[in-house]
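Colleague: Got a structure for you, written out below as structure tokens; questions coming shortly.
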Amino acid sequence: MAQLKDKVAIITGGSGGIGIATAKRMTAEGAKVLLVDLDEDALKDAVAELGHDKAAYAVADVTDPEQTQAYVTAAVEKFGKLDILIANAGIEGVVKPITDYPIEMFDKVLAVNVRGIFLGLKYAMPELKKTKGNVVIMSSVAGLGGTPDVSAYITSKHALVGLMRTAALEGARDGIRVNSIHPSPVETRMMRSLEEGFAPGHGGEAKKGFAASIPLQRYAEPDEIADAVIYLASDQAKFVTGVRLPVDGGMTAD
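If you're matching positions, the sequence shown starts at 1 in the UniProt record's numbering and goes up one per residue.
Shown next, in the form of structure tokens:
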């Protein structure tokens, strides 16, 4: 039986690696999805691949309150309700020590990675209250520890743990579950950017080093993160809320 039959989900960062992998898994499990991102061409391609009967899109800046409210409204108008918010949009910033980190970039990372998810919760939770729905926030192992030279990203992902826990306690009053996923490095564009940032011109060597730090000795695949999303978003996890779920190949086992 399809685990998400007749459910309606919003996926922010919907045209990126984890976003599109999640959309494919969710639609395969019977859900309808609204993808949210800034790249309209990528969104159109994603919806065409998923099928117009299963998917739609909204071009939106997740840091903007009006645009956030608009994508929530679009999902409800298109599909009739909202059951699930996958708060996945995020950016990595740059690789610089704190003393050299551009203030404007620090602010931008926190705006997308924290404010964007706060706004998604703010405007989606009234709709989720009607369906006793749930939220999956995409954090990172970066939200469970520290890494030099990526202060904005680390700070943003730690902030999401506090936001998730607060939203879980508030949402529980209305039957809304809220959890976060904490992936290790994943085979995505973001990791290619970070690899190059840590070792300009030698990103492949940086990747080898990152992979060696993972007990399973490899990066996660986007599909593996999507599998965890399906679990948390489905009734398999109906008594799970306020949880930080690492999907990290053992990185946080020590």
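Heads up, the beta-carbon is just placed ideally off N, CA and C, and yes, glycines get one too.
Please read all numbers here as calculations on a predicted model, not as lab measurements.
1. I'd like to check one pair, Ser156 with Val186: are the Cβ atoms closer than 9 Å?
2. Answer with buried or exposed for Glu104, where buried requires no fewer than 16 other C-beta atoms within 10 angstroms of its C-beta.
3. Express the C-alpha separation of Lys108 and Ala9 in angstroms, rounding to a whole number.
4. Would you mind reading off the limits of the alpha helix (DSSP H) that contains Asp107?
5. Tell me, to the nearest whole angstrom, how far the beta carbon of Val62 is from that of Ala89; I am working on the premise that it is less than 8 Å.
6. On the three-state DSSP scale, how would you describe Met138?
7. For Ala253, count the other beta carbons within 10 Å of its own beta carbon; 16 or more makes it buried, fewer makes it exposed. Which is it?
8. Just the C-alpha distance for Gly14 and Ala23, rounded to the nearest angstrom, thanks.
9. Are Leu35 and Gly19 closer than 9 Å when you measure CB to CB?
10. Compare the Cα-Cα distances from Ala228 to each of Thr147, Pro183, Lys132 and report the closest residue.
11. In this structure, how does DSSP classify Asn88 when only helix, strand and coil are distinguished?
12. Leaving out the 5 sequence neighbours to the left and right, which residues in its chain are closer than 6 Å to Lys129 when beta-carbon positions are compared?
13. Would you kindly work out how many angstroms separate the C-alpha atoms of Thr99 and Gly197, rounded to a whole number?
14. At 4 residues or longer, and completely inside the stretch 108 to 191: list those alpha helix (DSSP H) runs for me, N to C.
15. Output the distance between the C-alpha atoms of Lys5 and Val240, rounded to the nearest integer angstrom.
16. Taking three-plus beta-carbon pairs below 8 Å as touching, is the stretch 114 to 131 in contact with the stretch 78 to 87?
17. Take Pro222 as the anchor and find which of Thr68, Ala159, Val247 has the nearest alpha-carbon.
18. Which residue marks the beginning of the beta strand (DSSP E) containing Val247, and which one marks its end?
19. Return yes when the Cβ of Tyr219 is within less than 9 Å of the Cβ of Met191, no when it is not.
20. Could you tell me how far apart the beta carbons of Leu194 and Gly250 are, in whole angstroms, since I believe they sit closer than 8 Å?
21. Decide if Asp83 is buried, meaning its Cβ has at least 16 other Cβ atoms within 10 Å, or exposed.
22. Below 8 Å, how does it come out for the stretch 25 to 43 and the stretch 54 to 69: are there three or more Cβ pairs, yes or no?
23. Rounded to whole angstroms, what is the Cα-Cα separation between Gly145 and Ile154?
Modeller: Taking the coordinates as given:
1. No, the pair does not count as a contact, with Cβ atoms beyond the cut-off.
2. Taking every protein chain shown into account, the CB of Glu104 has fewer than 16 other CB atoms within 10 angstroms, so this residue is exposed.
3. So the alpha carbons of these two residues sit roughly 26 Å apart.
4. Annotation for Asp107: the continuous alpha helix (DSSP H) segment containing it runs 103 to 110.
5. Correct: roughly 5 Å between the Cβ atoms.
6. Met138 falls in the strand class under three-state DSSP.
7. With fewer than 16 other Cβ atoms inside 10 Å of its own Cβ, Ala253 counts as exposed.
8. Inter-residue distance for Gly14 and Ala23 is about 7 Å (C-alpha atoms, whole angstroms).
9. In this structure, Leu35 places its C-beta atom within 9 Å of the C-beta atom of Gly19.
10. Among Thr147, Pro183, Lys132, the Cα nearest to that of Ala228 belongs to Pro183.
11. Here Asn88 sits in coil by DSSP.
12. Cβ neighbours of Lys129 beyond the five flanking positions: Asp174.
13. Straight-line measurement puts the Cα of Gly197 at about 16 Å from the Cα of Thr99.
14. Inside the stretch 108 to 191, DSSP marks whole alpha helix (DSSP H) runs of 4 or more residues at positions 116 to 131, 151 to 172, from first to last along the chain.
15. Rounded to whole angstroms, Lys5 and Val240 show a C-alpha spacing of 20 Å.
16. Touching, per the Cβ criterion.
17. Taking each of Thr68, Ala159, Val247 in turn and checking the Cα distance to Pro222, the smallest one comes out for Val247.
18. That run of the beta strand (DSSP E) goes 244 to 247.
19. For Met191 and Tyr219, yes; Cβs fall inside 9 Å.
20. Their Cβ separation, rounded to whole angstroms, is 20 Å, which puts Leu194 and Gly250 out of contact at 8 Å.
21. Burial call: buried.
22. Three or more pairs of CB atoms, one per stretch, sit closer than 8 Å, so the stretch 25 to 43 contacts the stretch 54 to 69.
23. One C-alpha to the other measures close to 8 Å.
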